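Under the numbering used here, residues 77 to 465 are what the sequence shown spells out, in order. Think of the CB as a built atom: it goes at the ideal place given N, C-alpha and C, for glycine as much as any other residue. Quick caveat: nothing in here was measured; it's all calculated off a predicted structure.
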Amino acid sequence: MTSIVRPGVWGDASRAPIGYHTQFSVARIAMRLFSLYKGIQAMAYEAASERYSDMQYRVCGKSGLKLPALSLGLWHNFGDTTPFSTQRDILRTAFDLGITHFDLANNYGPPYGSAETNFGRHFKDDFKPYRDELLISSKAGWDMWPGPYGQGGGSRKYVLASLDQSLQRMGLDYVDIFYSHRFDADTPLEETAGALATAVQQGKALYIGISSYSPAKTREMAKLLGEYKVPLLIHQPAYNMLNRWVEHELLDTLEGIGAGSIAFTPLAQGLLTGKYLNGVPDDARVNKAGGGSLKQEHLSAQNIEHVRKLNDIAQRRGQSLAQMALAWTLRGGRVTSALIGASKPEQVRENAGALKNLAFSKEELAEIDRYATEGGINLWEKPSTDQKV
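Encoded structure:
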């Protein structure tokens, strides 16, 4: 007579039927894997249904493309030194607020390339279903890999190889905007323009942009690209209350050629926030090696005093200093979008609050002009000229 086998009825485990332990272990593992799978499903990202309700979108130059008034830059905080979960929360928060543009470059990190690699993981996990709702950009221009062909610039070999590498790191078929990250005096501009046009012709980029080019070189690049029937969509310059070089000629140039603009460092690397109102905090980026281009010498007594005066104006407007600085950058519509950076989701939400009040009275602008003066922090002064860097 055959015994009926039931789990857990043997006082001596050695008397359990042959194969029972294996079957039981496999069953337990399967149950745990199923629970884990269900947990992952529960954590799967679903974008906020109202994500487009509060964001403003602006037409970029004379194109048909619209950019959000605020875009998210991945220059800092998306390399391997920032927890992956923090990066994920920042990206999700941004998209939930209608920030559809994520801006990268080949050398963002640290280390170089890691921001694109990490973004590729986030894209695969969270944003792949939303690809057609996103604008993703990358750039090539600075040193990136060993040897003579990876030291940056505008050569055809470097530019196109860099784009291929960026696409591979991010797991993308194309980028929406591909930038020449800087003017290269050692490469004929005709060669750089031809490489950028090839990127569009090959379907690896939809639009072309440039960054930190002088007005003269901007006009020249637009003309060269036009010969390939590829318009210059956008220029990405450094611009903020303490670095106003674009107002002298560049903005007029961009309007003349029909290109848009997206300002990076609109908060002057954190100087135009409340972070430095009462001295330099220990965790400030300025204290960290490789933490950015803002240096101790930029925190002069005059700059700090001007920042405090600007903060007083912001308080009267019912805004934080960062919110007013962003609103000021976007005033009048001459700047298409302002690039924000964030080390935590709360900063993204605070910055998005700037859009609630973009209007300035003449009196406010006049008072701001008293303190929004060149602060010696044109961090990209050389690249914005026609000189070698």
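So Leu141 and Tyr283 are in contact, right, with Cβ under 8 Å, and what is the actual spacing, rounded?
-> 7 Å
Determine the contact status of Ser337 and Thr412, defining contact as a CB-CB distance below 7 Å.
-> Yes, these two residues count as a Cβ contact at 7 Å.
Buried or exposed for Pro313, please, with buried defined as at least 16 other CB atoms from any protein chain shown within 10 angstroms of its CB.
-> Under this definition Pro313 is a buried residue.
Three or more beta-carbon pairs under 8 Å between the segment 204 to 215 and the segment 251 to 270, yes or no?
-> They touch, by the three-pair rule.
Limits of the alpha helix (DSSP H) - the one that Gln277 falls within | Where Gln277 is concerned, the enclosing alpha helix (DSSP H) starts and stops at 265 to 277.
Below 8 Å on the Cβ atoms is my guess for Ala48 versus Leu173; work out the distance and round it to an integer in Å.
-> Any answer about residue 48 is impossible in this case: the structure gives the chain only from 77 up to 465.
Look at the Cβ atom of Gly451, then the Cβ atom of Leu318, and state whether they are nearer than 7 Å.
-> yes
Between the Cα of Ser139 and those of Val306, Asp262, Phe171, Gly189, spot the shortest distance and give me the residue it belongs to.
-> Val306
Anticipated Cβ contact below 8 Å, Tyr315 with Ala339, distance rounded | 4 Å
Neighbour-count burial assignment, Met119, 16 or more Cβ in a 10 Å radius | exposed
Where Val356 falls, given that 16 or more other Cβ within 10 Å makes a residue buried = exposed
Grab me the residues of Ser231's own chain with a C-beta within less than 7 Å of its C-beta, minus the 5 sequence neighbours each way, in chain order.
-> Thr263, Glu267
Skipping 5 residues on each side, what residues in its chain have a beta carbon closer than 6 Å to that of Asn153?
-> Ser419
For Arg134 and Gln372, the rounded distance between their alpha carbons = Roughly 36 Å between the two C-alpha positions.
Please find out if some non-hydrogen atom of the ligand FMN comes closer than 6 Å to the beta-carbon of Glu267.
-> With respect to the ligand FMN, the structure shown offers nothing to examine, as it has no ligands at all.
Collapsed DSSP secondary structure at Leu441 in the structure displayed = helix
Could you please give me the residues that DSSP links to Pro480 through a beta bridge?
-> In the structure as shown, the chain starts at 77 and stops at 465, and residue 480 therefore has no counterpart that could be examined.
DSSP three-state assignment for Gly285, whether helix, strand or coil | strand
Within 10 angstroms of the Cβ of Ile105, are there 16 or more other Cβ atoms? Answer buried if so, exposed if not.
-> Result: exposed.
Going by other Cβ atoms of all chains shown within 10 Å of its Cβ, with 16 needed for buried, is Ser288 buried or exposed?
-> Burial check for Ser288: the Cβ neighbour count within 10 Å reaches 16 or more, so the residue is buried.
Residue(s) in a DSSP beta bridge with Gln312 | Residue pairing for Gln312: DSSP places it in a beta bridge opposite Ser287.
Residue range of the beta strand (DSSP E) that includes His177 = 177 to 179
If we call anything under 7 Å between Cβ atoms a contact, is Leu246 one with Glu192?
-> According to the sequence displayed, residue 246 carries Met and not Leu. Yes. Within cutoff.
Which residues in the same chain have their Cβ closer than 7 Å to the Cβ of Tyr434, if we skip the five residues on either side of it in sequence?
-> According to the sequence displayed, residue 434 carries Leu and not Tyr. Excluding residues within five positions, the ones whose Cβ falls inside 7 Å are Ala403, Leu406, Arg407.
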